[in-house]
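Residue numbers (this note's numbering): 483 to 556.
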């Protein structure tokens, strides 16, 4: 796999601080692996577990992700 693909789309990793399936540490490692000249970011939501859309306040996370995607659209 070409981790440093400068031609790929922007990449956002979203994690919850209480996620034990894909812990934030794994997501931070992913950011380091995929870092390139293309935008690569990680956002961690305190108190959230793995299934973010099933938890109270998921709308704010979805709004953030949409805003982020629109900001970084090519």
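Beta carbons: idealized from backbone N, C-alpha and C, even for Gly.
TODO: Output yes or no for whether 8 Å exceeds the beta carbon distance between residue 497 and residue 506.
DONE: By 1-based counting over the chain shown, the position of residue 497 is 15. By 1-based counting over the chain shown, the position of residue 506 is 24. Result yes, Cβ atoms of residue 497 and residue 506 sit closer than 8 Å.
Task: Contact set for residue 499: own chain, Cβ-Cβ below 8 Å, skip 5 residues either direction - done: Within the chain shown, residue 499 is the residue found at index 17, counting from 1. The residues are 506, 526, 527, 528, 529 and 530.
Open item on the list: By DSSP's criteria, residue 500 is part of a beta bridge. Which residues make up the other side?
Closed with: Stepping through the chain shown from its first residue, residue 500 is reached at position 18. Residue 500 pairs with nothing; no bridge assigned.
Open item on the list: Give me the DSSP bridge partner(s) of residue 541.
Closed with: Looking up residue 541 in the chain shown gives position 59. Looking at the DSSP output, residue 541 sits in no beta bridge, so it has no partner there.
Task: Closest residue to residue 494 among 514, 502, 501 and 503 (Cα-Cα distance) - done: Working through the chain shown from its first residue, we reach residue 494 at position 12. Checked all of 514, 502, 501 and 503; the closest Cα to residue 494 is 514.
TODO: Quick one: residues in its chain with C-beta nearer than 7 Å to the C-beta of residue 504, no 5 flanking neighbours on either side, listed in chain order?
DONE: Translated into the one-based positions of the chain shown, residue 504 becomes position 22. 497 and 532.
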